[in-house]
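Notes follow once the structure below has been shown.
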Amino acid sequence: MLISQIILGIISGILIGKITVYLLNRLTTQLNQATTILVVAAVLIAYALPTMINGNGYLSVYLCGIIMGNSEIPEKRSQVHFFDTLTGIAQMMIFVNDCYKVAKSDYIDAKNILNWNPSTSLVSGSALNERMNEYKTHTNWAKKILHLAEYYGTY
292 MLISQIILGI
302 ISGILIGKIT
312 VYLLNRLTTQ
322 LNQATTILVV
332 AAVLIAYALP
342 TMINGNGYLS
352 VYLCGIIMGN
362 SEIPEKRSQV
372 HFFDTLTGIA
382 QMMIFVNDCY
392 KVAKSDYIDA
402 KNILNWNPST
412 SLVSGSALNE
422 RMNEYKTHTN
432 WAKKILHLAE
442 YYGTY
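Set out below in structure tokens:
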């Protein structure tokens with residue numbers, strides 16, 4: 292399974308990279324942004340195609356980018372500037388996404404609150420014994436924490 296994913300990712304990345312370089316060098320358009328659109332489309336295809344056939348999409352995109360980056364293509368300078376900007380935006384999005392991750396101790400406390408048996412006690416200590424958890428007071432907080440953890444993950 293792993294070997295086939297790697298092989299399909301390598302083959303897809305190399306083929307899509309070479310086809311994209313060929314198209315960039317052969318096609319002429321009057322639209323200035325056509326090369327950028329073609330490169331973005333190639334990246335999306337380089338990820339989607341091997342993923343659809345149980346290959347490794349990340350490896351495919353990586354190899355496709357290496358092939359395109361080491362080839363002579365028209366308007367390469369503007370392409371590099373565009374993708375540098377795109378990389379900066381993606382890094383900011385990853386940083387913001389990481390800020391929404393839930394602490395493992397909060398996740399454990401939230402699960403404990405929502406699985407609480409109120410007939411035994413109305414208050415208990417947190418997972419790390421750093422705060423008090425009250426069933427009625429913290430139920431909405433616990434639901435929010437579990438929702439964030441499901442969407443963004445825990446650390």
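Its first residue numbered 292, the sequence shown is counted upward by one per residue in my numbering.
For glycine and all other residues, C-beta sits at the position ideal for the given N, C-alpha and C.
**OP:** Using DSSP bridges, identify the partner residues of threonine 445.
**Re:** Within the sequence shown, numbered from 1, the residue matching residue 445 stands at position 154. Its beta-bridge partners are Val393.
Original post:
What does methionine 423 pair with, by DSSP beta-bridge criteria?
Top reply: Residue mapping note: residue 423 aligns to position 132 of the sequence shown, counting from 1. In the DSSP output, where bridge partners are listed per residue, methionine 423 has Gly416.
Subject >> Cβ contact (3+ pairs, closer than 8 Å) linking the region 422-439 and the region 390-398 >> reply: yes
Subject >> Distance, leucine 329 Cα to leucine 306 Cα >> reply: On the sequence shown, position 15 is the one that residue 306 refers to. On the sequence shown, position 38 is the one that residue 329 refers to. So the two alpha carbons sit approximately 15 Å from each other.
**OP:** Could you work out which residue in Thr320, Asn347, Leu322 is closest to isoleucine 302 when comparing CA atoms only?
**Re:** Mapped onto the sequence shown, residue 302 falls at position 11. Ranking the options by Cα distance to isoleucine 302, first place goes to Asn347.
**OP:** Compute the beta-carbon to beta-carbon distance between leucine 315 and isoleucine 364, rounded to the nearest angstrom, for a pair I have assumed lies under 8 Å.
**Re:** By 1-based counting over the sequence shown, the position of residue 315 is 24. By 1-based counting over the sequence shown, the position of residue 364 is 73. So it is a contact: roughly 4 Å between Cβ atoms.
Original post:
By how many angstroms is the C-alpha of serine 417 removed from the C-alpha of leucine 299?
Top reply: If you number the sequence shown from 1, residue 299 lands on position 8. If you number the sequence shown from 1, residue 417 lands on position 126. One C-alpha to the other measures close to 48 Å.
Original post:
Got a sec? Which residues, its chain only, sit under 6 Å from serine 351 by beta carbon, not counting five neighbours each side?
Top reply: Mapped onto the sequence shown, residue 351 falls at position 60. Close CB contacts of serine 351 within its chain, under the 6 Å cut and outside five residues either way in sequence, are with Gly300, Ser303, Gly304, Ala337, Pro341 (chain order).
Original post:
Considering only C-alpha positions, which residue in the set Glu425, Tyr398, Met343 is nearest to threonine 411?
Top reply: Counting from one through the sequence shown, the residue named residue 411 turns up at place 120. Of Glu425, Tyr398, Met343, the residue nearest in Cα terms is Glu425.
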